[in-house]
Amino acid sequence: MSHIFPRHTRQLPPRAVSGEGCYLIDETGKRYLDASGGAAVSCLGHGDPEIIGAIKAQLDDLAFAHTGFFTSQPAEELADLLIANAPKGLDRVYLVSGGSEAAEAAIKLARQYWVEKGEPQRGKVIARKQSYHGNTIGALSAGGNEWRRAQFGPLLLDMSHIDACYEYRLRLDGESLEDYGRRAADALEAEILRLGPETVMAFMAEPVVGATAGALTPAPGYFRRIREICDTYGVLLILDEVMCGMGRTGTLFACEQDGVSPDIACIAKGLGAGYQPIGAMLCTGEIYDAVATGSGFFQHGHTYMGHPTAAAAGRAVVGAILERGLLPRVTAQGEKLAERLTDRFGQHPHVGDLRGRGLFRGIELVRDRETKDPFDPSQGVAGKIKKAAFEAGLICYPMAGTIDGRRGDHVLLAPPFIIEDTQLDELVDKLEPAIDAATRAA
Ligand code: PMP
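Remember, the numbering used here sits 2 above the position in the sequence shown when you count from 1.
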């Protein structure tokens, strides 16, 4: 018996031993099509020789140097590569080890910015109900995923949550998508006014929501209006692109498609593509300068931040995404995946909504298509889909979302950018019976 502390303590999962392209292989030789890249991580697939080579070369030169003493070439080059391809205004890159660390750094930097600017009364964060920003206490406080937050109430920080732009559930009959997008964004203005604009430091959101709502895409104009509101009240806009960034939606940053630039962005997952743990927080020159000309020190830091080996992996991964033509490929394969999902599930009695962008696709499951009533959480539909798919050799990412304060079931798909057409067929061929069986049994 191993002493490992597994995620699910009732059953130790199979032991993964190798990976080849879009497949993971366990110790019995069983192959699994990795249709979610773990949790939207493995964007280049498994066993990529160029990325592995870049990591090995870095290890030969320098594995680690603490950022309290040194910077390193891969860290500097990764920062330059990201800024050269980032939304307008972003100018500095703070490298960390994952998404939660990036979210924590973003929240703390936003706070320090206002302290440096002489507005210490700005201490309130507004985020969204359908959102997930990580599992550390600060990031979990910003997120609105009830299921993940439930046990930790007394520890969580007091942050406000408005609804995400959630057309399927919240658009009114007869309301145009544009009107709904504006109304959804105006909820931010109402919340800022309720709290007192001079007390609000930041608004935090995922451009395309991942783990709490299954690839929830914003209405056209939603984020432009959000940007306008943030500017009106001097509130910083933090966009969490940990899941939807790094090419997942067809552009390096998802927010490019919404025509907005944030003051602070968080990335992770696809940045290391699973080859190394790495994340980053990007901020504008203005925020950086406030710290640089103020106290001169961002009061934060982690031992493994700016890790040279992880940075070498990130540099190679971002280079590969940009140079191998993977961004247009994500758009093309994403459209093919969307077509296949519509073919199989467009009329399914328990599929309420199909949505997403690029190779980031969500399926919202409902007990009743007409009323949009979700399944009772006790039925664990998402978990049953995951289990049935896994048995059939398919890795997808089913989860409990947040619907009007209740739990709902979704499946998230985020396959590697290299996925072939035949593998898209295999994906839906394996997913359909898993969804059928789990929803029939519910
Ligand atoms: N933000 C978002 C949008 C995420 O999807 C996640 C992870 N699912 C995180 C933050 C946290 O990242 P990590 O698990 O690497 O800490």
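Even glycine gets a Cβ: it sits at the ideal position worked out from N, Cα and C.
Does any heavy atom of the ligand PMP sit closer than 7 Å to the C-beta of residue 213? yes
In whole angstroms, what is the alpha-carbon distance linking residue 146 and residue 248? 23 Å
Buried versus exposed, by CB contacts within 10 Å (16 or more), residue 198: exposed
Is residue 135 close to the ligand PMP? I mean its beta-carbon at under 7 Å from any heavy atom of the ligand. yes
Excluding the 5 residues flanking residue 381 on each side, which residues of the same chain have their C-beta closer than 6 Å to its C-beta? 444
Would you say the segment 387-398 touches the segment 29-47, given that touching needs at least three Cβ pairs under 8 Å? yes
Bridge partners - residue 202, DSSP secondary structure assignment: 126
When you measure from the CB of residue 100 to every non-hydrogen atom of the ligand PMP, does any distance come out below 7 Å? yes
With a CB to CB cut of under 6 Å and the five nearest residues on each side skipped, what residues in its chain are close to residue 505? No information on residue 505 is available, as it lies outside the stretch 3 to 444 that the chain covers here.
Might you give, ordered along the chain, the residues of its own chain that have their beta carbon closer than 6 Å to the beta carbon of residue 134, omitting 5 neighbours on each side? 145, 147, 213 and 214
With distances taken between CB atoms, is the gap from residue 155 to residue 366 smaller than 8 Å? no
Three-state class that DSSP yields for residue 96 in the structure shown: strand
If you measure between the beta carbons of residue 127 and residue 245, is that distance less than 8 Å? no
Could you have a look at residue 21 and say whether DSSP puts it in helix, strand or coil? strand
Measuring only the C-alpha atoms, how far is residue 306 from residue 131? 31 Å
So the beta strand (DSSP E) residue 353 belongs to, where does it begin and stop? 353-359
Would you please state the rounded distance, in angstroms, between the beta carbons of residue 99 and residue 272? I believe it to be under 8 Å. About 15 Å separates the two Cβ atoms, so there is no contact after all.
Indicate whether residue 222 and residue 179 have their beta-carbon atoms separated by less than 8 Å. yes
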